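Asks:
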Amino acid sequence: MRRMIAASLMLAAASSLSFAGERAPGEAQMPMDLDPINVTGNLPTCDSVAVVSEVAMRFASKESEFWNSDLRLAQFERIRQIALKPWGEDFVPRRFCKATTLVTDGVKREVIYSVRAGLGGIGFSWNVEFCVRGIDRGWSFAPWCKTALP
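Residue numbers (mature numbering (1 follows the signal peptide of the UniProt record, and there is no 0)): -20 to -1, 1 to 130.
#1: Measure the alpha-carbon distance for residue 97 versus residue 89 and round it to whole angstroms.
#2: Counting only runs of 3+ residues fully inside the stretch 40 to 71, write out the beta strand (DSSP E) ranges in chain order.
#3: Closer than 8 Å by C-beta to residue 30: which residues in its own chain qualify, once you throw out the five before and the five after it? Chain order, please.
#4: Starting from residue 78, trace the beta strand (DSSP E) both ways and give me its first and last residue.
#5: Excluding the 5 residues preceding and the 5 following residue 40 in the sequence, name in chain order all residues of the same chain whose CB lies nearer than 8 Å to its CB.
#6: Under 8 Å Cβ to Cβ from residue 83, same chain only, skipping five residues before and after it: list those, please.
#7: In chain order, what residues of the same chain lie with their CB nearer than 6 Å to the CB of residue 65, ignoring the 5 residues before and after it?
#8: For a test of the three-state rule: what should DSSP assign to residue 11, helix, strand or coil?
#9: To which residues of the same chain is residue 57 closer than 7 Å at the C-beta, ignoring the five residues directly before and after it?
#10: Report the option in 43, 60, 123 whose CA atom is closest to the CA atom of residue 28.
#11: Please state the DSSP three-state secondary structure of residue 38.
#12: Could you tell me the distance, in whole angstroms, from the CA atom of residue 126 to the CA atom of residue 105?
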């Protein structure tokens, strides 16, 4: 009996070692019943109207609902990508972006945002996460939006 247990453990250890270097890209590890954007990892670009609109809409909603503020992101300038899949192929695809935005208080601020595959509503499509430097009221990405960066 002990020999059988020992042999089983050795077989399990050997099989796990043989597969250690053979991992599928993050997008291939996602459930196959989701939208194809998740499987392929095709994310919208940083300057996509859909992405910029989503950031602006969610910022306005958060400001209004949680902070009783009428601040809005009025204009995006100097939009650029700062990283794509920064942690490698084994992770869920993310595109990290920076832009300068004119806030309705008249101050230009930097906004850092990421477009994330498969992390939208109930796992479908893409989603954004963002931080506006100087207006991270809940300190979600403190200090100074550092944790929103790759």
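Note that beta-carbon positions come from the ideal geometry of N, C-alpha and C, so glycine has one too.
Fair warning: this is a prediction, and the values are worked out from it, not measured in the lab.
Replies: So, from the data block:
#1: 26 Å
#2: Entirely contained in the stretch 40 to 71, the beta strand (DSSP E) runs reaching 3 residues are, in chain order, 53 to 64.
#3: For residue 30, where only same-chain residues beyond five positions count, the Cβ hits under 8 Å are 24.
#4: 74 to 83
#5: 51, 52, 53
#6: 51, 52, 53, 54, 89, 112, 115
#7: 73
#8: With a pLDDT of 49 at residue 11, under the threshold of 50, the modelled position of that residue is not reliable, and no figure is offered here.
#9: Answer for residue 57: 79, 80, listed in chain order.
#10: Of 43, 60, 123, the residue nearest in Cα terms is 60.
#11: helix
#12: 26 Å
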